[in-house]
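For what it's worth, the numbering used here labels the leading residue of the sequence shown as 13, then goes sequentially.
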Amino acid sequence: MRKYQIGLDIGGTKVAMVISDLEGNELISTTIASEKNSALLFYDKLVTMIHESLKHAQVMPSEIVGIGIGMPGIVDYKRGCAIMQNNLPLENFPIIDMLQGDFPNAQIVMDNDVNVAALHEYKLRNYYEETMIYVTVSTGISSAIIHRGEVFRGRGAAGEIGFFNNEQSLLTLEEDVSGPAIEKRLQNSLNTTKKLTSLLTLNNPAIELEIHYMIKRLNKVLVEMAVLLDPHCIVIGGGVINGQPKLQQELFAEFNENLKKVSLFQNRPVRIEQAIDKDRSGVKGALSLLH
Numbered sequence: 013m014r015k016y017q018i019g020l021d022i023g024g025t026k027v028a029m030v031i032s033d034l035e036g037n038e039l040i041s042t043t044i045a046s047e048k049n050s051a052l053l054f055y056d057k058l059v060t061m062i063h064e065s066l067k068h069a070q071v072m073p074s075e076i077v078g079i080g081i082g083m084p085g086i087v088d089y090k091r092g093c094a095i096m097q098n099n100l101p102l103e104n105f106p107i108i109d110m111l112q113g114d115f116p117n118a119q120i121v122m123d124n125d126v127n128v129a130a131l132h133e134y135k136l137r138n139y140y141e142e143t144m145i146y147v148t149v150s151t152g153i154s155s156a157i158i159h160r161g162e163v164f165r166g167r168g169a170a171g172e173i174g175f176f177n178n179e180q181s182l183l184t185l186e187e188d189v190s191g192p193a194i195e196k197r198l199q200n201s202l203n204t205t206k207k208l209t210s211l212l213t214l215n216n217p218a219i220e221l222e223i224h225y226m227i228k229r230l231n232k233v234l235v236e237m238a239v240l241l242d243p244h245c246i247v248i249g250g251g252v253i254n255g256q257p258k259l260q261q262e263l264f265a266e267f268n269e270n271l272k273k274v275s276l277f278q279n280r281p282v283r284i285e286q287a288i289d290k291d292r293s294g295v296k297g298a299l300s301l302l303h
């Protein structure tokens, strides 16, 4: 029997999927918009995408022997469900049990989407003993801490930096400078319906102010994490950062300048760099959960 596997990167805006053979050779990859109205509608849309893609790739459902899932929110990876969700209606939804019914021959593994992407980026750097922080700025904001090849989980929510509060506005980091938050403020101030990816390419004082504010807020958290964890490397990914080289350059430059002000790092800087696989880190990491 032929054997294939599926990687799913579930996000607040979109779901990315890849079907590959067991050596990682991709047959097909696709994305759909995330369904936000109900868990059952989300699941129906997800399974429809999978079956249509399998048909296109000429793969039978019975030939799927593994499904790896990156899920946003706080995930109980042992039980296989999200126990806290901000952007999707999947809290405590038994997605693994549902998928197992549709794909009875598959081993199904799930973890937090940022952990999944972080582990993939860690392996790409051939790290083994190092400490790495992976930060994503997208529909939400979060991070993962990888130490000696393992995710540091705490009680299950370690790295959820999106919950940090701003002392002035009382908004969390995610409420303040995630993609949707910045997009909404810019749309209101510029009286436009353009999406954030288009807005960030424009030369406009209001946009420059938003970028500067976002960089300032993110860097405060990044420097604090560097002091707390003393990592070998900080990797930045997510839809807001990927594909925006100017924003990325300014973020990295300000981080390096701020880090120099900390005596601990004056002669031992912390590397900060972009995700190697950018938007593909999550879906490739989901596949790697199976190995």
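Think of the CB as a built atom: it goes at the ideal place given N, C-alpha and C, for glycine as much as any other residue.
- By DSSP's assignment, Lys26 forms a beta bridge with Ala45.
- Within a 10 Å sphere around the beta-carbon of Ser190 sit 16 or more other beta-carbons, which makes this residue buried.
- Sixteen is the threshold: since fewer than 16 other Cβ atoms of the shown chains lie within 10 Å of the Cβ of Thr204, the residue is exposed.
- Here Arg283 is bridged, per DSSP, to Cys245.
- No Cβ-Cβ contact shorter than 8 Å links Gly171 with Ser150.
- Using a Cβ distance threshold of 8 Å, Ile107 and Tyr55 count as a contacting pair.
- Collapsing the DSSP output to three states places Ala129 in a helix.
- Secondary structure at Ala156: strand, using DSSP grouped into helix, strand and coil.
- In this chain, Ile81 is not harboured by any alpha helix (DSSP H); it is covered by the beta strand (DSSP E) spanning Ile76 to Met83.
- Pro281 counts as exposed, since fewer than 16 other beta carbons sit within 10 angstroms of its beta carbon.
- With respect to the C-alpha of His303, the residue from Val87, Ile18 and Met13 having the closest C-alpha is Ile18.
- Under DSSP, the beta-bridge partners assigned to Ser32 are Gln17 and Glu38.
- Setting aside the 5 residues that flank it on each side, Pro257 has no residue in the same chain whose C-beta is closer than 6 Å to its C-beta.
- Within the stretch 91 to 152, the complete alpha helix (DSSP H) segments of 4 residues or longer fall at 107 to 114 and 125 to 136, listed in chain order.
- Residue environment for Asp123: buried (at least 16 other C-beta atoms within 10 angstroms of its C-beta).
- At a Cβ-Cβ threshold of 8 Å, Ala156 and Ala130 count as neighbours.
- For Val87, the enclosing beta strand (DSSP E) starts and ends at Ile86 to Asp88.
- If you draw a 10 Å sphere on the C-beta of Tyr146, you find 16 or more other C-beta atoms in it, and that means buried.
- Secondary structure at Thr60: helix, using DSSP grouped into helix, strand and coil.
- Here Leu66 is not near Ile22, since their CB atoms are 8 Å or more apart.
- Here the alpha carbon of Arg229 sits roughly 28 Å from the alpha carbon of Leu136.
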